[in-house]
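Inspection log for the structure reproduced underneath, given as structure tokens.
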Amino acid sequence: MITFVDTNILLDIFLPDPEFGESSANALETAFQSGSLVINEIVYAELAPQFDDRHTLDNILEGLGIRIVLIDKETTFAAGQLWKKYRAARGNKRRILADFLIGAHALNCADTLLTRDRGFYRQFYKGLKIASFTPS
32 MITFVDTNIL LDIFLPDPEF GESSANALET AFQSGSLVIN EIVYAELAPQ FDDRHTLDNI
92 LEGLGIRIVL IDKETTFAAG QLWKKYRAAR GNKRRILADF LIGAHALNCA DTLLTRDRGF
152 YRQFYKGLKI ASFTPS
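Numbers 32 to 167, taken from the working numbering, label the letters of the sequence shown in order.
Encoded structure:
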């Protein structure tokens with residue numbers, strides 16, 4: 032099974048987040064035991080500010096068994112179109128395009144998405160399986 036790991040899970044572990052760090056680490060370990068872990072360049076970019084250099088981030092991701100899968104043009108276009116509909120229909124425009132890129136890519140390249148942001152992804156990506164997550 033391929034699990035796409037959302038940025039919030041990894042930041043919970045790297046920072047570490049006092050509320051979600053332990054449960055995110057446990058969820059990541061469970062996903063690792065079930066198959067492979069992937070992120071894309073969007074998640075990588077969102078993680079980058081937490082590290083002084085690229086090699087440190089690369090080594091940590093490698094140590095966690097996480098590989099980077101690049102987004103293709105078809106997925107990128109679909110995410111942009113869905114974001115456009117969201118922007119046109121919503122008064123509160125708090126979602127950024129990166130969220131839609133992550134959702135579209137997870138749907139196309141993975142079996143499941145590991146995230147704490149389940150409500151958003153369930154609403155906009157009906158066919159996307161969301162990994163169970165129980166906060167500590």
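Virtual Cβ for every residue (Gly too), placed ideally from N, Cα, C.
Contacts around residue i, its chain only, beta-carbon distance under 7 Å, and the 5 residues preceding and following it disregarded
| i | result |
| --- | --- |
| residue 39 | 146, 147 and 148 |
| residue 114 | 128 and 131 |
| residue 56 | 44 |
| residue 152 | 134, 144, 146, 159 and 161 |
| residue 91 | none |
| residue 51 | 43, 147 and 166 |
| residue 82 | 88 |
Rounded separation between residue i and residue j - CA only
| i | j | result |
| --- | --- | --- |
| residue 116 | residue 157 | 16 Å |
| residue 112 | residue 150 | 20 Å |
| residue 65 | residue 110 | 27 Å |
| residue 62 | residue 108 | 28 Å |
| residue 163 | residue 80 | 28 Å |
| residue 119 | residue 53 | 38 Å |
| residue 48 | residue 121 | 30 Å |
Candidates the options: closest to residue i by CA position
| i | options | result |
| --- | --- | --- |
| residue 106 | 63, 64 and 131 | 131 |
| residue 46 | 143, 153, 77 and 134 | 77 |
| residue 104 | 84, 120, 41 and 136 | 136 |
| residue 60 | 95, 48, 108 and 125 | 95 |
| residue 141 | 53, 125, 86 and 102 | 102 |
CB contact below 9 Å: residue i versus chain D
| i | result |
| --- | --- |
| residue 132 | Structure shown: chain D not included; a single protein chain is present. |
C-beta contact flag for residue i and residue j at 9 Å
| i | j | result |
| --- | --- | --- |
| residue 69 | residue 34 | yes |
| residue 143 | residue 32 | yes |
| residue 99 | residue 71 | yes |
Contact set for residue i: own chain, Cβ-Cβ below 8 Å, skip 5 residues either direction
| i | result |
| --- | --- |
| residue 155 | 113, 117, 131 and 134 |
| residue 93 | none |
Spatial neighbours of residue i in its chain, beta-carbon cut-off 6 Å, leaving aside the 5 residues before and after
| i | result |
| --- | --- |
| residue 36 | 68, 70 and 145 |
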